[in-house]
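The sequence shown maps to residues -2 to 63 in the working numbering. We put the CB at the ideal spot given by N, CA and C, even for glycine. Okay, structure first, notes after.
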Amino acid sequence: MAEFECRLKNYRQLKNLTQEQLAEKVGVRRETIMRLEKAQYNPSLKLAIDISRAVEVPIEEIFIFD
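Put into structure tokens, the structure is as follows:
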């Protein structure tokens, strides 16, 4: 399986959003955001798009697969 890196925490903090606030914006639980930031969870395409729009950063800048 490909290596997965998630830069969500950096972009979330640049937008001054808490994990809870971002979770609410994209319709998931805070725990989902926490697991994403630790690269313990691969998002669905819909969730990745929703997150990308919420933090206003292209998907490929947030989620990196090697």
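Met31 and Gln16 look like a contact to me (Cβ under 8 Å); what is the Cβ gap, rounded to whole Å? Yes, they are in contact, since the Cβ atoms of Met31 and Gln16 sit about 6 Å apart, within 8 Å.
Does the beta-carbon distance from Glu33 to Leu11 come in below 8 Å? This sequence places Leu at residue 33; Glu is not what is there. No, they are not a contact pair.
Hey, would you say the C-beta of Arg27 is under 7 Å away from at least one heavy atom of the ligand FAD? Looking for the ligand FAD in the displayed structure turns up nothing, as the structure carries no ligands at all.
Determine the direct distance from the alpha carbon of Asn13 to that of Leu42, and round the result to whole angstroms. Answer to the nearest angstrom: the Cα atoms are 24 Å apart.
Under the three-state DSSP convention, the category Glu2 falls into: In this structure, Glu2 counts as strand in the three-state DSSP scheme.
List the endpoints of the continuous alpha helix (DSSP H) containing Val52. First-last of the alpha helix (DSSP H) with Val52: Leu42 to Val52.
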